[in-house]
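In my numbering, the protein residues as written are 796 to 850.
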């Protein structure tokens, strides 16, 4: 199960990197809280799925 989640994460990362329009968009938010949440929410979801499947 962990290998399947790893494959999904790798596929998502690969598609985001290949999507040049996604990488070229500029963030319109100036709030540092919103920018931190952009990174914190996906990472916490991935860690939560990993802990759920492993333990």
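No residue lacks a Cβ here, since even glycine has one placed at the ideal position from N, Cα and C. This structure is a prediction, so every number in the text was calculated from the model and none was measured.
- DSSP, read as helix, strand or coil, puts residue 833 in helix.
- Shown here, residue 802 sits in a helix according to DSSP, grouped into three states.
- Annotated three-state conformation of residue 845 is helix, per DSSP.
- Taken atom to atom, the span from the alpha-carbon of residue 833 to that of residue 799 is near 24 Å.
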